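Trainee: Quick note: the sequence shown, position 60, residue 72 per our numbering, numbers continuous.
Ideal Cβ placement from N, Cα and C applies to all residues, glycine included.
Bear in mind the structure is a predicted one, so any value in this text is a computation, not a measurement.
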Amino acid sequence: SAKKLQCFFKYLSSFHDRNIGKIRKEDIQRLYTSIVTQNGHTANRVLSLIKVIISYGIQHGNIEADVNGILTIKKAFKEQPRTNFLSLADAKKLMAYLDENIKRKTSSTLERQHHLIYIVSKALILTGQRKQNVLQMEKTELDIDSGIWTIPPAKNKTSREVTCHLVPELVELLQPLLEKNENSNYVFVNPKTGRPFTEIRKTWSRIQKDLNISATIHDLRRTCASLHVRHGASIKQIADTLGDSSLDMVSRVYAKTEASILRENANKLSKLIYD
């Protein structure tokens, strides 16, 4: 991604002409330690990127193994897991905003870009899938008549197939896109580049500003989980829906949403007694 390229050129460019099997663990440890004193989150991202590169080299035969032990370097900065998601009121506000903008006619390339990103945003909150999976959704992954989207193991973070059931509202939006861009198998094709979108942050920032909400794109995944909690789904059912092999994130969202529901019920009881 563009963000990872920036990360590479800023922190790893000094290694660009080094043989991947000859980079010393001490070099990477020193680099990581220097960055972690400035920004722990950035240091962890850099270390993760290095490990991806090393793993790629091993997988594709450039090196036989992690001979220098770089993959054994531990993250010194402990990140707190995010549990943010949109409240029910903000989720409704967002969906109304997206619906209103999707209905508008488009003429310019920019307007068509925004139109597609609005549909992407709806897909993110209605399916709970990761951003890259939605952006790289392929026509061959969709059984539109049955309303099923099958994400192959190679494209899923957990390396297992995920079956995602699409609501009729989303199927109706995706149907016309399958008939467009006959030369591409991707569903969301950027009209400016003719290729799938790689980033939607600029449009998402504008949506946040228009609605006065604060949430990352990935928070839409947690928002989807919270909405399932409100409708009585179990932790296991939500994890299966989101294709998440770990129950940690779902458990955190579950606990936070249940607390919110209990608070609402307490307020309703108070109102019932005193009104």
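(1) In the DSSP assignment, find the beta strand (DSSP E) that holds VAL64 and state where it starts and stops.
(2) May I ask which residues mark the beginning and end of the alpha helix (DSSP H) holding THR162?
(3) Taking 8 Å as the CB-CB cut-off, is LYS221 touching chain C?
(4) Note down, in chain order, each residue of its chain lying with its Cβ closer than 7 Å to the Cβ of ARG57, except the 5 sequence neighbours on either side.
(5) Whole angstroms are fine: how far does the CA of LYS283 sit from the CA of ALA267?
(6) Extract the residue ranges of the alpha helix (DSSP H) inside the stretch 120-154, only unbroken runs of 4 or more that lie entirely within it.
(7) Tell me the rounded alpha-carbon separation between GLU153 and ASN193.
(8) Where do the N-terminal and C-terminal ends of the alpha helix (DSSP H) with THR253 fall, by residue?
(9) Could you name the residues of the same chain whose beta carbon sits closer than 7 Å to that of GLU270, not counting the 5 residues immediately before and after it, in chain order?
(10) Assess contact between the stretch 40-60 and the stretch 79-99, defined as three or more Cβ pairs (one per stretch) separated by less than 8 Å. Is contact present?
(11) Taking all protein chains shown into account, decide if TYR23 is buried (16 or more other Cβ within 10 angstroms of its Cβ) or exposed.
(12) My assumption, with CB atoms under 8 Å, is that LEU147 sits in contact with PHE209. Please give the rounded CB distance.
(13) Determine the extent of the alpha helix (DSSP H) in which HIS240 is found, giving its start and end residues.
(14) Give the straight-line distance between the Cα atoms of GLU123 and PRO180, rounded to the nearest whole angstrom.
(15) What's the call for LEU134, buried or exposed, on a 16-neighbour Cβ count within 10 Å?
(16) Classify VAL265 as helix, strand or coil using the three-state DSSP reduction.
(17) Just mark ALA108 as buried or exposed, buried being the case when its beta carbon has 16 or more other beta carbons within 10 Å.
(18) Under a three-way DSSP split, which group does THR95 fall into?
(19) Flag this pair as yes or no: are the beta carbons of GLY262 and ILE250 separated by less than 8 Å?
(20) Drop a sphere of 10 angstroms on the beta-carbon of ILE47, count the other beta-carbons inside from all chains shown, and report buried for 16 or more, exposed for fewer.
(21) Does the count of Cβ pairs from the stretch 87-101 and the stretch 66-77 closer than 8 Å reach three?
(22) Drop a sphere of 10 angstroms on the beta-carbon of SER246, count the other beta-carbons inside from all chains shown, and report buried for 16 or more, exposed for fewer.
Mentor: According to the data block:
(1) Translated into the one-based positions of the sequence shown, residue 64 becomes position 52. Per DSSP, VAL64 belongs to no beta strand (DSSP E); it is in the alpha helix (DSSP H), 52-71.
(2) Numbered from 1 along the sequence shown, position 150 holds the residue referred to as residue 162. Premise fails: THR162 lies in the beta strand (DSSP E), 160-163, not in any alpha helix (DSSP H).
(3) Of the protein chains in the structure, only one exists, and it is not chain C.
(4) Stepping through the sequence shown from its first residue, residue 57 is reached at position 45. Cβ within range, chain order: CYS19.
(5) For this step, residue 267 is matched to residue 255 along the sequence shown. For this step, residue 283 is matched to residue 271 along the sequence shown. Roughly 24 Å separates the two Cα atoms.
(6) 121-139 and 143-147
(7) Translated into the one-based positions of the sequence shown, residue 153 becomes position 141. Translated into the one-based positions of the sequence shown, residue 193 becomes position 181. The straight-line gap from Cα to Cα measures roughly 16 Å.
(8) Position 241 of the sequence shown, counted from the first residue, corresponds to residue 253. Note, THR253: alpha helix (DSSP H), 247-254.
(9) Taking the first residue of the sequence shown as position 1, residue 270 is located at position 258. So the qualifying residues of the chain are VAL241.
(10) yes
(11) Residue mapping note: residue 23 aligns to position 11 of the sequence shown, counting from 1. Answer is buried; the Cβ neighbour count reaches 16.
(12) Along the sequence shown, read from residue 1 onward, the residue named residue 147 stands at position 135. Along the sequence shown, read from residue 1 onward, the residue named residue 209 stands at position 197. Right, the Cβ-Cβ distance comes to about 5 Å (below 8 Å), so this counts as a contact.
(13) The residue you call residue 240 lines up with position 228 of the sequence shown. That run of the alpha helix (DSSP H) goes 231-242.
(14) Along the sequence shown, read from residue 1 onward, the residue named residue 123 stands at position 111. Along the sequence shown, read from residue 1 onward, the residue named residue 180 stands at position 168. Roughly 25 Å separates the two Cα atoms.
(15) Mapped onto the sequence shown, residue 134 falls at position 122. Note that residue 134 is Lys in the sequence shown here, rather than Leu. With 16 or more Cβ atoms within 10 Å of its Cβ, LYS134 is classed as buried.
(16) In the sequence shown, residue 265 corresponds to position 253, counting from 1. Residue state, collapsed to three classes: helix.
(17) For this step, residue 108 is matched to residue 96 along the sequence shown. The residue is exposed, with fewer than 16 neighbouring Cβ atoms inside 10 Å.
(18) For the purposes of this step, residue 95 is taken as the residue at position 83 of the sequence shown. If DSSP states are grouped into helix, strand and coil, THR95 belongs with coil.
(19) The residue given as residue 262 occupies position 250 in the sequence shown. The residue given as residue 250 occupies position 238 in the sequence shown. The sequence as given places Val at residue 262; Gly does not occur at that position. Yes; because the gap between Cβ atoms is below 8 Å, this pair is in contact.
(20) Working through the sequence shown from its first residue, we reach residue 47 at position 35. Buried, since its Cβ has 16 or more Cβ neighbours within 10 Å.
(21) no
(22) As a position in the sequence shown, residue 246 is number 234, starting the count at 1. Label assigned to SER246: exposed.
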